[in-house]
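One structure is given here, and the rest of the page talks about it.
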Amino acid sequence: MPERPVSIPIKLAFGSGQMAEAIKSNSFELFLLFYYVQVLGLNPVWTGTAMLVALVMDAITDPLIGSISDNFKSRWGRRHPFMYASAIPFGLCFYFLFAPPAGLQGIGLAAWLTVFAVGIRVMITFFMVPYYAVGAELTEHYRDRTALVAYRTMFSFAGAIAISAIAFQVFFHATPEYPQGQLNPAPYPLMGLTFGLAAALIIIGSTAGTHSQIPHLHRSGHDQHLSLREYLQELISLLHNKAFVAFFLVSLSIFVMLGLQKALALHMNTYFWALQSQEIVYLLYAFFGATIITVPFVKYIIDRLDKKATMNLGLWMLLLSLIAPTTLRLIGWFPGNDSDWLLPLLIAGQAGAGFGGGILAVSTGSIVADIADHHELRTGKRQEGLLFGFFTFASKATSGAGHFLAGLALGLISFPIERDVRPEEIRPDTLFELGLVYGPSVAIFGLFCIAVFSTYNITRASHQNTLKILRERRKQKPLAGEQLNS
78 MPERPVSIPI
88 KLAFGSGQMA
98 EAIKSNSFEL
108 FLLFYYVQVL
118 GLNPVWTGTA
128 MLVALVMDAI
138 TDPLIGSISD
148 NFKSRWGRRH
158 PFMYASAIPF
168 GLCFYFLFAP
178 PAGLQGIGLA
188 AWLTVFAVGI
198 RVMITFFMVP
208 YYAVGAELTE
218 HYRDRTALVA
228 YRTMFSFAGA
238 IAISAIAFQV
248 FFHATPEYPQ
258 GQLNPAPYPL
268 MGLTFGLAAA
278 LIIIGSTAGT
288 HSQIPHLHRS
298 GHDQHLSLRE
308 YLQELISLLH
318 NKAFVAFFLV
328 SLSIFVMLGL
338 QKALALHMNT
348 YFWALQSQEI
358 VYLLYAFFGA
368 TIITVPFVKY
378 IIDRLDKKAT
388 MNLGLWMLLL
398 SLIAPTTLRL
408 IGWFPGNDSD
418 WLLPLLIAGQ
428 AGAGFGGGIL
438 AVSTGSIVAD
448 IADHHELRTG
458 KRQEGLLFGF
468 FTFASKATSG
478 AGHFLAGLAL
488 GLISFPIERD
498 VRPEEIRPDT
508 LFELGLVYGP
518 SVAIFGLFCI
528 AVFSTYNITR
538 ASHQNTLKIL
548 RERRKQKPLA
558 GEQLNS
């Protein structure tokens, strides 16, 4: 891999691709459970189960696509053919997910949700796993990798802000019939069409924008066909990497924690806090705005503290900010819904979570690239695709396991699913149970993350030593698993 710097246009083209995943993730996390349960009236347990089925498909396809792309050969390199191929099917699946046929109910509606949720997940895997691997291959410099992650993180949260603003200001604006516009079924199909088309165009643009870098990326030295035995051997080898196992468990827990909260966020904001559409937008602005402000400074925090300490800082900030408002309300130490202090304090909590989230977003992506180098040192193979396949699976557990747990929780507490139910009509004990799931329960995942991450063993010094050994090895002979384009 050359030491040449990555240009600003390439960084922008690469970073912009993250907006496609942001459109998918934020639409799933903010609207999908709420739409199918509260707007369409689908049983919440069925809704959560449909998302769990999609998650099981991810467990198979994410590492598989990563491994296939690691060993793929074409004149467009290992990664770009998969990225191009994902665009149009992704856009179509996204539209149909939010536009089920009129009158479809029960099992039929659950089947529709399952089919197109799986389709979206598979198609975003075809793009995101090779996309992440391209980012790891563009440079191996410690700070440059952090900078690349910062670019895609900035685009991710800029996309999230745009999604939130467009959804609530354009599609879910209040009407006399629906004062809380998110309960209106009419705008959802148009929202699906708009966001699906935007994501498809972003995928094509980002892939084309990095196309010029194909000659400089690693190229597979394997045969194009990967046997099941070889694939299983690669998985076993990866699972023997202690740094990877620790980080994968941490990532999985973080994303499930966030997924549970995000899946229930619209229920909480609509019924527990009794917020209007415009007030919900302020919370989203606070979170994503704080994240964008934080991202450019993370590389300086990493320079001073190291990646492990930086990630620990982000974990604590995120966890405390997410659970504090709801937990304090449950014990009677937080302002009531009629207080003028309610919205400012909720905004402050979301800003704190955004600061922690920004730190985590940059540090996690940079750490995965370091693990790829560590794995190459152990095995002699470049397997960014397989590594990022696992990481992508963990990130998509956000709307998989999170939605399943959220749907299960709504079913267990017998939360009403009628579209016209008002916050004041819901029993106080039901709201208390909703808050209990949303707040204190997620602390279990957060504390588990912090405990497991203490076993992560790659430091700045050990990574520099790894890169030194790899450079010396490459001078002597090509890697077993890859060679550079000549």
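Position one of the sequence shown corresponds to residue 78 (the working numbering), numbered consecutively onward. Even for Gly, the Cβ is constructed at its ideal location relative to N, Cα and C. Values in this document were obtained by computation on a predicted structure and should not be read as measured data.
Member of the options whose CA lies at the smallest distance from the CA of residue i
i           : options               : result
residue 456 : 550, 261, 272 and 106 : 550
residue 446 : 537, 120, 98 and 252  : 537
residue 319 : 126, 529 and 176      : 529
residue 279 : 482, 349 and 97       : 97
residue 346 : 381, 330, 392 and 414 : 414
residue 228 : 342, 542, 490 and 93  : 93
residue 244 : 255, 235 and 264      : 264
residue 385 : 207, 539, 173 and 499 : 539
residue 331 : 426, 223, 393 and 258 : 393
residue 404 : 426, 390 and 553      : 426
residue 335 : 481, 531, 134 and 491 : 481
residue 486 : 542, 514, 498 and 310 : 514
residue 339 : 314, 399 and 281      : 399
residue 533 : 467, 541, 444 and 411 : 444
residue 281 : 383, 204 and 503      : 204
residue 362 : 498, 246 and 122      : 246
residue 396 : 215, 377, 429 and 156 : 429
residue 489 : 269, 541 and 506      : 506
residue 357 : 250, 499, 542 and 498 : 250
residue 254 : 526, 552, 498 and 416 : 498
residue 342 : 310, 383 and 402      : 402
residue 379 : 442, 412 and 418      : 442
residue 531 : 390, 213, 214 and 272 : 390
Nonlocal neighbours in the same chain, by C-beta distance under 7 Å from residue i, ignoring five residues either side
i           : result
residue 547 : 450, 453 and 454
residue 276 : 97, 100, 101, 167, 168 and 171
residue 349 : 508, 511 and 512
residue 186 : 117, 119 and 177
residue 90  : 283, 286 and 287
residue 208 : 94 and 160
residue 85  : none
residue 194 : 127, 128, 131 and 174
residue 553 : none
residue 312 : 140
residue 524 : none
residue 164 : 277, 280 and 281
Own chain residues within Cβ distance below 6 Å of residue i, not counting five before or after
i           : result
residue 431 : 364, 367 and 368
residue 108 : none
residue 202 : 138, 139 and 142
residue 88  : 228
residue 410 : none
residue 156 : 146, 207, 210 and 211
residue 326 : 529
residue 375 : 436 and 439
residue 527 : 392
residue 196 : 170
residue 258 : 249, 250, 251 and 354
Nearest-angstrom beta carbon gap, residue j and residue i [assumed within contact, 8 Å]
i           : j           : result
residue 372 : residue 160 : Not really, about 24 Å apart at Cβ, beyond 8 Å.
residue 113 : residue 126 : The pair is not a contact, with the Cβ atoms about 12 Å apart (cut-off 8 Å).
residue 478 : residue 132 : 6 Å
residue 248 : residue 267 : 7 Å
residue 387 : residue 440 : 5 Å
residue 111 : residue 344 : 6 Å
residue 337 : residue 237 : The Cβ separation is near 18 Å, so there is no contact.
residue 103 : residue 241 : 7 Å
residue 134 : residue 199 : 7 Å
residue 121 : residue 492 : 7 Å
residue 351 : residue 256 : Contact doesn't hold; Cβ gap of about 11 Å is too wide.
Own chain residues within Cβ distance below 8 Å of residue i, not counting five before or after
i           : result
residue 359 : 420 and 424
residue 448 : 318, 320, 321, 324, 464 and 535
residue 233 : 95, 96, 98, 99 and 438
residue 129 : 477, 478, 480 and 481
residue 467 : 139, 140, 143, 315, 321 and 325
Touch test, the stretch 516-528 against the stretch 140-147, Cβ-Cβ under 8 Å, three pairs minimum: Contact between the stretch 516-528 and the stretch 140-147 is not established, with fewer than three Cβ pairs separated by less than 8 Å.
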